[in-house]
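Below is one structure, written out as structure tokens, with a few remarks after it.
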Ligand SMILES: Cc1cc2nc3c(=O)[nH]c(=O)nc-3n(C[C@H](O)[C@H](O)[C@H](O)COP(=O)(O)OP(=O)(O)OC[C@H]3O[C@@H](n4cnc5c(N)ncnc54)[C@H](O)[C@@H]3O)c2cc1C
Ligand SMILES: Cc1cc2nc3c(=O)[nH]c(=O)nc-3n(C[C@H](O)[C@H](O)[C@H](O)COP(=O)(O)OP(=O)(O)OC[C@H]3O[C@@H](n4cnc5c(N)ncnc54)[C@H](O)[C@@H]3O)c2cc1C
């Protein structure tokens with residue numbers, strides 16, 4: 095295989111170095127590291143076709159690798175084989191500002207993309223915090239803090255170029271804003287975690303940068319009250335740009351880690367964005383609503399530095415916890431109908447208390463999506479079990495309430511065990527689609543399904 | 095088969111009457127009528143399972159039938175067999191106003207659904223004009239005048255209950271607002287025109303009824319100017335609720351048909367909706383923009399009667415043309431990136447002029463989606479050819495410009511011939527998915543693919 099890869103692609107695109115294999119053995123999850131046999135760096139779609147043809151012929155696993163920021167082990171090549179790294183495919187192919195649309199290679203990251211389009215007054219708003227690659231974000235159907243307004247990646251994807259397991263190159267959509275033509279392959283590939291095809295081009299929608307942004311925060315006595323307050327904001331019809339719950343423990347961690355001084359109470363963080371007079375009005379209405387509900391510490395970020403700090407703190411949350419020595423993190427990612435959110439959040443906080451583990455509750459409550467993070471010592475079987483138990487209880491309760499075990503991080507390795515419960519007989523259909531599209535099982539084997 | 099259907103379902107659910115067979119032989123398109131052998135009226139999911147099990151065993155085609163308002167012959171049982179009518183499955187199953195969500199049976203129509211939820215201050219905004227069934231709207235990924243703000247059905251569907259060809263019942267999603275769990279079956283079934291499964295329950299998002307609505311219209315010298323003006327409105331970032339192009343010929347027809355007195359010029363119709371001070375501001379800004387571009391006849395609908403008239407006229411457009419004696423209608427439904435719209439609209443108008451057929455150009459220009467309608471005498475081969483030529487030129491040009499042959503009506507019979515050009519190698523994948531999910535080809539055979 096090595097000779098054939100080198101012969102077909104050239105030496106500069108194939109690596110077996112210890113450092114590259116190590117780098118591609120992991121992502122940001124705590125799933126065990128497994129090194130690929132090779133790391134391949136394609137430079138164009140033809141390279142990807144060559145790799146897949148060879149891999150399909152020799153039945154060698156291929157696991158696409160974006161920025162490695164995934165939280166469910168999706169990029170870990172658990173059956174070894176080839177890790178396909180998109181660092182060198184990070185160009186802008188076609189930028190159409192007048193259509194609010196851009197076509198890029200999958201390796202470009204979110205921040206690179208924004209740097210490119212921001213100067214034209216446009217932005218790509220999906221924000222998972224990490225500087226993920228656009229390909230990885232499509233593959234996991236990522237979303238994050240702005241989903242309450244912009245939805246998830248699937249809502250932004252117009253067209254994908256995809257190389258199938260046998261090397262066939264297809265397009266999954268078009269550049270039209272809507273279409274009723276044929277089956278919706280855009281949606282199918284988005285969120286498929288590299289198991290159905292390799293994405294080599296992405297066309298996404300862009301949006302105008304809001305003229306004015308106001309950030310604010312306030313605190314409540316309990317995480318449940320925060321969730322209920324979020325529901326009131328949604329019901330008001332006000333289109334917040336972000337609305338995040340951060341519980342007291344998480345605030346404490348982030349204060350310590352980042353030297354902030356946020357009140358260490360259960361908090362809601364807001365961002366309003368749009369035309370100046372409209373956002374001003376929105377912020378005022380929400381302030382009144384929150385005060386009626388008995389919030390404390392309502393505070394606006396008055397300078398853009400204060401605003402940046404506030405969201406930097408929110409984005410550092412996971413790292414703040416990870417900072418704790420001798421512990422690793424694991425988390426839940428459930429998403430439920432908004433009316434069930436308070437119940438879920440309270441349940442999550444209680445489970446953490448009962449477990450005795452250090453942990454926090456935070457999340458994108460405008461979507462009914464929240465995370466728990468639990469810190470455990472990977473060498474202490476009791477702590478391992480407690481952390482797993484917490485995650486499991488939350489995932490199962492979310493599914494029972496009509497929700498999902500993963501609102502945005504994806505299935506990867508950690509959420510495979512909930513797939514039968516969540517999808518029932520549909521899971522067999524999904525598996526048969528996988529077999530149809532990848533009969534030899536070379537595309538990121540072992541992910542989503544066992 | 096008849097005995098088995100009756101034995102399994104009871105006599106009251108199976109009809110072979112001439113009138114029912116005639117009613118189910120057609121939709122609102124001009125494709126030739128073909129009568130089913132039987133019409134079956136399921137009353138619950140178990141009935142649908144029974145029908146599909148029998149049909150699969152005996153290899154009898156099953157074509158779901160919603161309200162028969164389709165424009166591409168999707169509901170015509172071209173291979174005969176069973177027409178599956180959802181009139182009796184039209185109940186609300188679960189209404190969760192606090193989650194802005196409702197679960198209904200597929201036979202409920204758009205207006206019935208709105209009657210149910212409007213009194214709670216909520217609405218289901220997708221509006222294809224016709225009083226289509228929700229099941230049919232999911233199956234065709236319908237949209238219409240409000241897509242510029244709310245997208246199409248696929249953007250509104252949270253979960254579907256679907257009976258597969260072999261009688262297995264699956265769920266395609268969940269009640270969470272977003273999810274990264276498993277493959278996106280919601281999106282796959284939506285728009286599949288009854289070819290992959292039969293929808294027996296639909297969970298969709300609801301939205302708050304806007305507090306205030308303002309309607310307005312203005313005219314321009316050319317359809318191209320209208321399209322350019324629409325682009326300016328989009329670029330402004332103002333979230334119109336509706337923005338429709340209607341060309342002079344269409345206005346003329348609708349004036350005659352409905353006894354209106356709109357200026358018979360190329361027109362843009364607008365609707366703004368939201369909080370009172372915000373919509374007022376929006377309408378004013380758009381008025382200024384349009385006047386800067388040299389529009390004429392800017393007029394606001396001042397009473398709610400005037401507003402209702404304006405949109406009634408827009409919705410009657412197709413019927414206004416159909417009114418012409420001795421002629422039937424056919425149309426195009428292309429959707430292109432917004433920067434290509436003016437070119438397309440001009441091209442469409444020119445083709446109609448060249449053909450000498452009576453016809454109009456109108457559409458949902460905020461999405462880059464527009465229709466031509468051409469009236470022809472079905473017994474005059476020259477007119478038939480001219481009408482077909484017009485449709486073909488428009489579909490092919492739209493595809494060449496990166497768009498789609500069908501923005502909202504679906505493929506059915508009339509757009510099958512463009513599928514290879516539009517989807518290339520992806521079409522083979524779609525076909526193989528069809529074969530996977532319906533190996534005997536009993537589900538609405540002959541639609542989407544030949
Ligand atoms: C601190 C932190 C916070 C986070 N917060 C959020 C959040 O709020 N919301 C959220 O959604 N996510 C969040 N994430 C998770 C992560 O950022 C997303 O999952 C992201 O989409 C992964 O992108 P990546 O480029 O890093 O992909 P990787 O981790 O490299 O890969 C992820 C998956 O995508 C596949 N893939 C990558 N490129 C391609 C391609 N070209 N073709 C096919 N498949 C491909 C891989 O095979 C793998 O299955 C967070 C992560 C961190 C570390
Ligand atoms: C005057 C007029 C204007 C229109 N304007 C628009 C417009 O602006 N935008 C737009 O999108 N459409 C428009 N249409 C087209 C039409 O309203 C839509 O296609 C609508 O979605 C069809 O719904 P229906 O219930 O009438 O379905 P039908 O015509 O009965 O069936 C359509 C398809 O859906 C399938 N189907 C129905 N029920 C089910 C089910 N339960 N499970 C699986 N498959 C099912 C059928 O098999 C068929 O393939 C218009 C039609 C008319 C007559």
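Protein chains in written order, with the working numbering: chain A, 95 to 544; chain B, 95 to 544. Beta carbons are placed, not taken as given, at the ideal position from N, Cα and C, and that holds for glycine. Computed from a predicted structure; not experimentally measured.
Is it true that the CB of residue j sits closer than 9 Å to the CB of residue i?
| i | j | result |
| --- | --- | --- |
| residue 256(A) | residue 290(A) | yes |
| residue 326(A) | residue 252(A) | no |
| residue 454(B) | residue 445(B) | no |
| residue 413(A) | residue 470(A) | no |
| residue 110(B) | residue 141(B) | no |
| residue 139(B) | residue 340(B) | no |
| residue 506(B) | residue 123(B) | yes |
| residue 522(A) | residue 429(A) | no |
| residue 435(B) | residue 329(B) | no |
| residue 381(A) | residue 333(A) | no |
| residue 223(A) | residue 238(A) | yes |
| residue 225(B) | residue 161(B) | yes |
| residue 285(A) | residue 212(A) | no |
| residue 441(B) | residue 390(B) | no |
| residue 178(B) | residue 134(B) | yes |
For ligand 4, I want to know if residue i counts as a neighbour, meaning its beta carbon is within less than 8 Å of at least one of the ligand's heavy atoms.
| i | result |
| --- | --- |
| residue 160(B) | Because ligand 4 does not appear in the structure shown, any question about it cannot be addressed here, the ligands present being ligand 1 and ligand 2. |
Per DSSP, which one or two residues make a beta bridge with residue i?
| i | result |
| --- | --- |
| residue 177(A) | 133(A), 157(A) |
| residue 463(A) | 429(A) |
| residue 257(B) | 263(B), 292(B) |
| residue 216(B) | 302(B) |
| residue 360(B) | 314(B) |
| residue 366(A) | 308(A) |
| residue 394(A) | 310(A) |
| residue 337(B) | 364(B) |
| residue 468(B) | 424(B), 453(B) |
| residue 196(B) | 189(B), 298(B) |
| residue 227(A) | 203(A) |
| residue 109(B) | 133(B) |
Closer than 8 Å by beta-carbon distance: list the chain A residues that pair up with residue i, in chain order.
| i | result |
| --- | --- |
| residue 503(B) | 274 |
| residue 513(B) | 275, 276 |
| residue 537(B) | Within 8 Å Cβ-Cβ: nothing; residue 537(B) doesn't reach chain A, min ~13 Å. |
| residue 521(B) | 276 |
| residue 496(B) | 268, 269, 270 |
Going along chain A, which residues have a C-beta under 7 Å from residue i?
| i | result |
| --- | --- |
| residue 284(B) | 278 |
| residue 246(B) | 272 |
Taking residue i as the query, report the chain B residues whose CB atoms sit under 8 Å from its CB, ordered along the chain.
| i | result |
| --- | --- |
| residue 463(A) | 270, 271, 272 |
| residue 192(A) | 325, 329, 432, 433 |
| residue 518(A) | 264, 265 |
| residue 281(A) | 248, 278, 280, 281, 282 |
| residue 165(A) | By Cβ distance, chain B contributes nothing, its closest Cβ being about 11 Å from residue 165(A), past 8 Å. |
Run through chain B and tell me which residues come within less than 9 Å of residue i, C-beta to C-beta.
| i | result |
| --- | --- |
| residue 509(A) | 274, 275 |
| residue 178(A) | Per Cβ cutoff of 9 Å: no residues; residue 178(A) is ~21 Å from chain B at best. |
| residue 201(A) | What residue 201(A) touches in chain B: nothing, since even the nearest Cβ is about 21 Å away. |
For a contact defined as C-beta to C-beta under 9 Å, what are the partners of residue i on chain A?
| i | result |
| --- | --- |
| residue 499(B) | 273, 275 |
| residue 293(B) | Going along chain A, no residue has its Cβ under 9 Å from residue 293(B), so there is no contact; the nearest lies around 14 Å. |
Along chain B, in chain order, which residues have C-beta atoms closer than 7 Å to that of residue i?
| i | result |
| --- | --- |
| residue 195(A) | 431 |
| residue 526(A) | 530 |
| residue 302(A) | 331 |
| residue 542(A) | 276 |
Name, going along the chain, the residues of the stretch 418-435 of chain B whose beta-carbon falls closer than 9 Å to a beta-carbon of chain A.
Contact residues of the stretch 418-435 of chain B toward chain A are 427, 428, 429, 430, 431, 432, 433, 434 (C-beta to C-beta distance below 9 Å).
Select from the stretch 254-268 of chain A all residues with a C-beta closer than 9 Å to any C-beta belonging to chain B, and list them in chain order.
When C-beta distances to chain B are compared with 9 Å, the residues of the stretch 254-268 of chain A below that value are 256, 258, 262, 263, 264, 265, 266, 267, 268, in chain order.
Got a sec: which bits of the stretch 208-241 of chain B sit with their beta carbon under 9 Å from any beta carbon on chain A, in order along the chain?
Residues of the stretch 208-241 of chain B with a C-beta atom less than 9 Å from some C-beta of chain A are 234, 235, 236, 237, 241, listed in chain order.
Any residues in the stretch 370-390 of chain B with a beta carbon nearer than 7 Å to a beta carbon of chain A? Which ones, in chain order?
Of all residues in the stretch 370-390 of chain B, 372 have a Cβ within less than 7 Å of some Cβ in chain A.
Between the stretch 113-127 of chain B and chain A, which residues of the former have CB atoms less than 9 Å from a CB of the latter, in chain order?
Closer than 9 Å at the C-beta level to chain A, one finds no residue of the stretch 113-127 of chain B.
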